[in-house]
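Written out below as structure tokens is the structure these notes cover.
2 protein chains.
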Amino acid sequence: MEKKQNYSRKREAILKAIQGTTCHPTAEWVYQKLKPEYPDLSLGTVYRNIAQFKNDGTIISVGTVNGQERYDGNIQPHTHFVCSCCGAVIDIPGNFISLDANVEIAERYHLRIDSSEVLFHGICSNCLQRQKPL
Amino acid sequence: MEKKQNYSRKREAILKAIQGTTCHPTAEWVYQKLKPEYPDLSLGTVYRNIAQFKNDGTIISVGTVNGQERYDGNIQPHTHFVCSCCGAVIDIPGNFISLDANVEIAERYHLRIDSSEVLFHGICSNCLQRQKPL
DNA sequence: TCAATAATAGTAATCATTCTTGTTTCTGTT
DNA sequence: AACAGAAACAAGAATGATTACTATTATTGA
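From first to last, the protein sequence lines are chains A and B.
The opening position of the first sequence corresponds to residue 73 in my numbering, with each subsequent residue numbered one higher.
The opening position of the second sequence corresponds to residue 73 in my numbering, with each subsequent residue numbered one higher.
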């Protein structure tokens, strides 16, 4: 019952672009990145394929920063830091949530937990440097 | 140097509406909630005051669910569960992140951490019930 | 009461994302 | 290789949440 999926060079390029960076890009970033090599690439294509990757679990969403959704090609459990100054999303190795906690919470609240996410907010080292003179 | 702030009945009502529910409402929800009592309320006013509350730290944002930002009047550290089926955001008591972790990460990566957030994704008990027949 | 200024309604503008339509690309089969 | 059906696409229109603008109204301190 699953839809057949044809090969597409652009789809592959979009995935590679997301997996090949740690900047947790937006759809627009991917579009701009690939535009030189694929001049007839359409932003809609980027969105459409990203939606598919998300659905397949090939990539994950890191959430919305300044109104734009950010994606991550690294699907290993890890943690993110979001700079409230420049909007950068930075990887922090480590999970910080025990598997036990997941199970316990799921049971206590009668929920099914599919994933957990830890997010830190603050100012990144770059922005701290820049602010020093103030 | 701080701007003077005049009293506004609508602003108070908006804050009370957000603080008086645990549903982590959207701006639209607040607007619909208050519309009967304030027939000339404007959606822009809701957004403008929410932005102010967020800035003051009176409320927090829980992130974006299905394209709409969700707010929380409870600023005590606690945890959220987001139902990927119905979009409900549910409070889970407890923080799950140690203060030590914050300090350690901040030092190791030369960051300033202002807040941390734990988010669970899955299916809530209501949606699980509804799906049972399948 | 009165002037200064903050807050608002209503509406227009913005911007990320999704949808639509007609065309092009894949793929399996002759 | 040529063909047919399905999948993917570009380009642009449509949508929907949020923000900005402008003329009016409310609040405040004197």
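Cβ atoms here follow ideal geometry from the backbone N, Cα and C, with glycine treated the same way.
Query                                                                                                                         : Result
9 Å Cβ cutoff, Cys-196(B) in contact with chain A                                                                             : yes
For Ile-169(B), three-class secondary structure by DSSP                                                                       : coil
DSSP three-state assignment for Tyr-110(A), whether helix, strand or coil                                                     : coil
First and last residue of the uninterrupted alpha helix (DSSP H) at Ser-197(B)                                                : 197-203
For Ile-86(A), the three-state DSSP class (helix, strand or coil)                                                             : helix
Short Cβ contact (9 Å threshold) for Cys-196(A) with Phe-168(A)                                                               : no
One or two residues paired with Leu-115(A) in a DSSP bridge                                                                   : According to DSSP, which records beta bridges pairwise, Leu-115(A) is partnered with nothing at all.
Contacts of Asp-186(A) in chain B (Cβ-Cβ under 9 Å)                                                                           : Ser-156, Phe-192, His-193, Gly-194, Ile-195
Bounding residues of the beta strand (DSSP E) (the contiguous stretch that carries Ser-133(B))                                : 132-137
Inter-stretch contact (C-beta, 8 Å, three-pair minimum) for the stretch 183-194 of chain A and the stretch 114-127 of chain B : no
Boundaries (first-last residue) of the beta strand (DSSP E) holding Tyr-143(B)                                                : 140-144
Validate contact between the stretch 77-93 of chain A and the stretch 134-154 of chain A using beta carbons, cut 8 Å, 3 pairs : yes
Check whether Ile-132(B) and Ile-164(A) have beta carbons under 9 Å apart                                                     : no
Terminal residues of the beta strand (DSSP E) in which Thr-94(B) lies                                                         : That residue, Thr-94(B), is in no beta strand (DSSP E); it is neither H nor E in DSSP.
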